[in-house]
Amino acid sequence: MENPVYKTGNYKTIWTRRMPPEDCDRYYNFTVFACQLNEMEEGVAPTDSRRRPDQRLMENAMWNESNVEKVRLEESQRARRRQREAEAEQAAAEGRPYPPYEPIWFVKEQEEGTDQLVHVYKGQYWDCKAKQEWTKCP
C-alpha cells in the first residue's frame, strides 16, 4: 500500500513558541503563560477553582496548610455526595423521583455519531460574569 502524497500551498505561521524564562526550573519549567493560568481574576464565579483556598495556599508555597485544607474540602465534598446518595435512596424507597446533579454551565448531550455522553457548554457564563449575576451558583 502506498502512502498518499498531498500537495499543499504556501505555509503560514499561526503560532510561535515563546521560550520559558531562564529561571523556569523554579516554576516546574512552566512558561509564563502557564504560570498565569491560575492567577486570580476579578469577577469570576464563586465556583471558579481559582477561589479554592487550598489552591491559594499552594500558590503561596504554604504546602502543609494547603494539604490540610485540601483534605478538609475533599471530605466536605464526600459528605455532600453521601447526603445526596442517601436522599436518592430515600426517594426511591418512597417511589418518588430524585433529580440528578446538574452542572451549572454545561448540559449532558449524546455526542453525534457516538454512544458517548459529553458535557456541552450552555453559553451563559460570560453573560453572568459581565453582569456579576451568580444566583445560579451554589
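In terms of full-length UniProt numbering, the sequence shown opens at residue 1 and continues consecutively.
C-beta: ideal position from N, C-alpha, C; glycine also.
* Asked: Taking C-beta to C-beta, are Trp126 and Ala45 nearer than 8 Å?
  -> The residue you call residue 126 lines up with position 126 of the sequence shown. The residue you call residue 45 lines up with position 45 of the sequence shown. No.
* Asked: Taking Gln55 as the reference, which of Glu42, Val71, Gly43 has the closest Cα?
  -> As a position in the sequence shown, residue 55 is number 55, starting the count at 1. Taking only the C-alpha atoms, the option nearest Gln55 is Val71.
* Confirm, please, whether the CB-CB distance from Gly9 to residue 146 is below 8 Å. => Residue 146 is absent from the structure shown; the chain starts at 1 and stops at 138.
* **Own chain partners of Met40 with C-beta closer than 6 Å, once the 5 adjacent residues on each side are dropped** => Here residue 40 refers to the residue found at position 40 of the sequence shown. Same-chain partners within the cutoff: Arg50.
* DSSP beta-bridge partners of Tyr27 -> Start at 1 with the first residue of the sequence shown, and residue 27 comes out as number 27. In the DSSP output, where bridge partners are listed per residue, Tyr27 has none listed.
* Asked: Do Ser66 and Leu73 have their C-beta atoms closer together than 8 Å?
  -> Taking the sequence shown and counting its residues from 1, the one referred to as residue 66 is at position 66. Taking the sequence shown and counting its residues from 1, the one referred to as residue 73 is at position 73. No. Outside cutoff.
* To do: Would you kindly report the start and end of the unbroken beta strand (DSSP E) that includes Tyr11?
  => Within the sequence shown, residue 11 is the residue found at index 11, counting from 1. Looking at the DSSP string, Tyr11 is not in any beta strand (DSSP E), and its letter there is neither H nor E.
* To do: Measure how close the beta-carbons of Lys136 and His119 come, nearest whole angstrom, since I'm counting them as under 8 Å.
  => The residue given as residue 136 occupies position 136 in the sequence shown. The residue given as residue 119 occupies position 119 in the sequence shown. That belief does not hold up - the Cβ atoms of Lys136 and His119 are roughly 16 Å apart, past 8 Å.
* **Helix, strand or coil at Tyr125 according to DSSP, with G and I counted as helix** => Counted from its first residue, the sequence shown places residue 125 at position 125. Note: Tyr125 maps to helix in three-state DSSP.
* **Simplified DSSP assignment, three categories, for Val5** => Here the question's residue 5 lines up with position 5 in the sequence shown. If DSSP states are grouped into helix, strand and coil, Val5 belongs with coil.
* Could you tell me which of Ile14, Glu89, Ile104 sits nearest to Pro138, measuring between CA atoms? => Along the sequence shown, read from residue 1 onward, the residue named residue 138 stands at position 138. Residue Ile104 is the option with its Cα nearest to Pro138.
* Would you kindly report the start and end of the unbroken beta strand (DSSP E) that includes Gln110? => Position 110 of the sequence shown, counting from 1, holds the residue named residue 110. Unbroken beta strand (DSSP E) run through Gln110: 106–110.
* Give the straight-line distance between the Cα atoms of Pro53 and Glu69, rounded to the nearest whole angstrom. => Taking the first residue of the sequence shown as 1, we reach residue 53 at position 53. Taking the first residue of the sequence shown as 1, we reach residue 69 at position 69. CA-CA distance, Pro53 to Glu69, rounds to 7 Å.
* Whole-number beta carbon distance between Ala91 and Pro97, since they are thought to touch under 8 Å -> Within the sequence shown, numbered from 1, the residue matching residue 97 stands at position 97. Within the sequence shown, numbered from 1, the residue matching residue 91 stands at position 91. 7 Å between Cβ atoms; contact.
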